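What follows is a set of notes on a single structure, which appears directly below.
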Amino acid sequence: MSTDTLTQNGSAKGKSAADLFESPDFYQLDDLLTEEHKLIRSSIRDFVKKEISPFIEDWAERAHFPYEIVKKFGDIGAFGPTVSETYGGGGLDYISYGLIMQEIERGDSGMRSTASVQGSLVMYPIYKFGSEEQKKKYLPKLASGEWLGCFGLTEPDHGSNPSGMVTNFKDAGDHYVLNGAKMWISNAPKAEIAVVWAKDESGRIHGLIVERGMEGFSTPETHGKWSLRASTTGELVFDNVKVPKENLLPGKSGLGAPMMCLDSARYGIAWGAIGAAMDCYDSARRYAIERIQFGKPIGSFQLIQKKLAEMLTEITKAQLLNWKLGMMLDAGKASTSQISLAKRNSVATALDIAREARQIHGGMGITGEYPMMRHMMNLESVVTYEGTHDIHLLILGAEITGIPAFK
Amino acid sequence: MNILVCITHVPDTTSKISFTDDNKKFDTNGVQFIIGPYDDYALARAVELKEQNGGKITVLNVGEAETEPTIRKALAIGADEAVRINAFPKDSFFVANQIAKVAKEGNYDLILMGRESIDFNGGQVHGMVGEMLGMPSLSPVMKLDIEGNTAKVAREIEGGKEYLEVTLPFVAGCQEPIAEWKIPNMRGIMGARSKPLNVIEPDNDEVKTTLENFELPPAKGAVKMIDADNVSELVDLLKNEAKVI
Ligand SMILES: Cc1cc2nc3c(=O)[nH]c(=O)nc-3n(C[C@H](O)[C@H](O)[C@H](O)COP(=O)(O)OP(=O)(O)OC[C@H]3O[C@@H](n4cnc5c(N)ncnc54)[C@H](O)[C@@H]3O)c2cc1C
């Protein structure tokens, strides 16, 4: 190997060319990061270039969830980075968490979904609302990737309106009996445990930890997705499942409990979606300079320059928004509606950029040689889950007017 | 097993290279710095050897304060402690002197580094350090296994490989495939915060070279395509235009 072919990302190459991604930093926002933040970002970027980019088009094409990535995510520390080290987490701040999500989703939104469900929706509620025994039993195994977890809130008939859920449990003396079904649950088919939100006999929502192998519990896979194809999605079906009483999360009940988890996950999405946008922009920028039409690089045409300039503008704005939101979260000062604004803004921005970037690639843009179509299709889930684009608008509307439009 | 790994702090391999000060100074503006890729192999092998045999890894860099993020990365990858010799690495002899001084005091079983840095590509430091310490020095080492007090080493030589056995301690200049580069994980990065990084002043200011100025290699010319049947045109161009035959 000659030194000018040395790259810091190993030698694995898939069917598409080597991953040369570089993130834009037009406003020198790196000045706002610590050296440790930058090391975290470069490490996760190297990880993605080695473990995800060379294979992702193939996984997505085959709708294959690469289960071995779970252990690798555990090893690199992508699960529960903000959870305390006492329980196997990273003990890192929210800026670090954001950067990790940005880099993973830069690779693929489905891979980021796997990681953010495990961290924000499974480890987070156990960490925040769990008993000491529950934390000790589950968190280290989830952090290391020995176990995969999932989060069951959405039901077939209750998506945007989770408070209408019908999944319920009854007190049967020394255990609970759980009945109902959850739908659209990321990680479900391969999950060892599920954090399930269900109503007690008085109609109050609680979190329960349901383990694979409990009688009456099954996780059928959802097929035919044209989005997040490398992430596995399924249902959770509870048919008189006996759940030990010590599996109830004692720390918090009511809809506010799952909503707190969603706040954490939505924050990660705000960073993640911009990662996907950066990947599309980076690819478009390179292509525009290399592709010759009418005897010139297409990047010399004003219409292409407009597209690129607008992409960079929107990415830069979102980067600053995400950074400030992270600082507020670290200070314990971020509100749900502030998180809604960022999630909504980032995903919409990313979808626009994916489409424009795809156009810049012309016909080549529809193939798996380039990442835009995959990102674009993935982002259709991201704009829907964790609160749809419009529901976040209504959360902001309620904040502005004091009058909720969705109750 | 007590291992010293010497790392360089060098421009990323994709950096655009330019100079300032009348071509006397490398322009670091906008340049990302990394652990020298060959040093990174040495460090990765050291981490594996420590996993197998136990012991301690000390990472050493001769450099000014701005190299500390690079040193922290080495700590995050798995070194236990670090030494920074607070001086600009003026030339190979100067650097070798600083390393030898630390090595004499440290009682190391192994002193590993890259076969060469990727800024000046001198490839001299390991040889000089070996000489200064009176130890064998081998390079480029592409395989290194330890059995008790001896090491089995494979070295790349012209047209083949050379297999050697050498008694510890010794110095090795490493290259791939001695180990795979290690990506620091989040736990390693957190742990690196509290690992010791000792800064010591240089010992001996002697240098053997002085820098006159830098020059970039000539820009790559355009490719000329010549029809496969037209050998005489090719010969003509090689003779009269490229002037290589
Ligand atoms: C790939 C994927 C993975 C997922 N993973 C998980 C998971 O791990 N765990 C989990 O619990 N859920 C998960 N979900 C579910 C996701 O959160 C829901 O799909 C989402 O909340 C929307 O619910 P719904 O699909 O039932 O749509 P609906 O709620 O039926 O919405 C349909 C449309 O109506 C609009 N709408 C609804 N109410 C209003 C209103 N009041 N005013 C105006 N417009 C309204 C919505 O914005 C939307 O456009 C996942 C979904 C997908 C696609």
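If you're matching them up, the sequences are chains A and B in order. Those letters in the first sequence? Residues 47 to 453, by the numbering used here. Those letters in the second sequence? Residues 22 to 266, by the numbering used here. Don't be surprised by glycine CBs; every beta carbon is placed ideally from N, CA and C. Every value quoted in this text rests on a predicted model; they were computed, and no experiment measured them.
Could you tell me which residues DSSP pairs with residue i in its beta bridges?
i                      : result
residue 236 of chain A : In the DSSP output, where bridge partners are listed per residue, residue 236 of chain A has none listed.
residue 326 of chain A : Per DSSP, none; premise fails for residue 326 of chain A.
residue 26 of chain B  : B:80 and B:133
residue 89 of chain A  : Note: residue 89 of chain A sits in no beta bridge, so no partner.
residue 161 of chain A : Bridge partners of residue 161 of chain A: none, in fact.
residue 54 of chain B  : B:32
residue 339 of chain A : A:342
residue 196 of chain A : A:240
residue 222 of chain A : A:217 and A:289
residue 178 of chain B : B:181
residue 263 of chain A : A:284
residue 191 of chain B : B:131
residue 104 of chain B : B:81 and B:219
residue 166 of chain B : B:173
residue 245 of chain A : A:214 and A:251
Is it buried or exposed, residue i, if we count other Cβ atoms within 10 angstroms and call 16 or more buried?
i                      : result
residue 47 of chain A  : Because the pLDDT at residue 47 of chain A is just 34, under 50, the model does not fix this residue reliably, and the point stays unresolved.
residue 219 of chain B : exposed
residue 251 of chain B : exposed
residue 449 of chain A : exposed
residue 119 of chain B : buried
residue 213 of chain A : buried
residue 272 of chain A : exposed
residue 228 of chain A : buried
residue 404 of chain A : buried
residue 392 of chain A : buried
residue 110 of chain A : exposed
residue 59 of chain A  : Note that residue 59 of chain A has pLDDT 32, beneath the 50 cutoff, so the model's placement of it is unreliable and the number below is only indicative. Residue 59 of chain A is exposed by the Cβ-count criterion.
residue 184 of chain B : exposed
residue 61 of chain A  : A caution first: residue 61 of chain A carries a pLDDT of 37, below 50, which makes its placement in the model unreliable, though a value can still be read off. Exposed.
residue 234 of chain A : buried
residue 175 of chain A : buried
residue 74 of chain A  : exposed
residue 113 of chain A : exposed
residue 108 of chain A : exposed
residue 89 of chain A  : buried
residue 54 of chain A  : Low per-residue confidence applies at residue 54 of chain A: pLDDT is 39, beneath 50, and the placement is therefore not dependable, though the value from the model is reported in the following sentence. Per the 10 Å Cβ criterion, buried.
residue 83 of chain A  : buried
residue 73 of chain B  : exposed
residue 18 of chain A  : Limits of chain A in this structure are 47 at one end and 453 at the other, which puts residue 18 of chain A out of reach.
residue 161 of chain B : buried
residue 340 of chain A : exposed
residue 139 of chain A : buried
Cβ-heavy atom distance between residue i and ligand 3 below 6 Å?
i                      : result
residue 376 of chain A : Only ligand 1 can be found as ligands here, which leaves ligand 3 out of the picture.
Show which residues of chain B have a CB atom less than 8 Å away from the CB atom of residue i.
i                     : result
residue 86 of chain A : 207 and 210
Give me the chain A residues within the contact set of residue i, using Cβ-Cβ distance strictly less than 8 Å, ordered along the chain.
i                      : result
residue 204 of chain B : 89, 92, 93, 96 and 122
Residue i versus chain B: which residues are under 7 Å apart at the beta carbon?
i                      : result
residue 127 of chain A : 207
So which residues on chain A does residue i lean against when the C-beta distance must stay under 7 Å?
i                      : result
residue 97 of chain B  : 85
residue 216 of chain B : Those within 7 Å of residue 216 of chain B in chain A number zero; the least Cβ separation is about 13 Å.
residue 66 of chain B  : Simply none; closest approach about 15 Å.
Quick one: list the residues of chain B neighbouring residue i, beta-carbon separation under 9 Å, in chain order.
i                      : result
residue 138 of chain A : 207, 210 and 211
residue 131 of chain A : 208 and 211
Any C-beta of chain E sitting closer than 7 Å to the C-beta of residue i?
i                     : result
residue 81 of chain A : The structure shown has no chain E; the protein chains it does contain are A and B.
Mind reading off the beta-carbon distance from residue i to residue j? Whole number of angstroms is fine, and I expect it under 8 Å.
i                      : j                      : result
residue 387 of chain A : residue 442 of chain A : 6 Å
residue 70 of chain B  : residue 26 of chain B  : Incorrect: roughly 10 Å between the Cβ atoms, too far for contact.
residue 226 of chain A : residue 241 of chain A : In fact, because the Cβ distance is near 14 Å, the residues do not count as touching under 8 Å.
residue 79 of chain B  : residue 28 of chain B  : At roughly 11 Å, the Cβ-Cβ gap does not stay under 8 Å, so residue 79 of chain B and residue 28 of chain B are not in contact.
residue 33 of chain B  : residue 54 of chain B  : 7 Å
residue 417 of chain A : residue 346 of chain A : Not quite, the Cβ-Cβ distance comes to about 24 Å (not below 8 Å), so this is no contact.
residue 96 of chain B  : residue 24 of chain B  : At roughly 14 Å, the Cβ-Cβ gap does not stay under 8 Å, so residue 96 of chain B and residue 24 of chain B are not in contact.
residue 421 of chain A : residue 322 of chain A : 5 Å
**Report entry** Under 9 Å (Cβ pairs) to chain A, residues found in the region 82 to 106 of chain B
**Finding:** Across the region 82 to 106 of chain B, CB contacts with chain A closer than 9 Å involve 89, 90, 93, 94 and 97, in sequence order along the chain.
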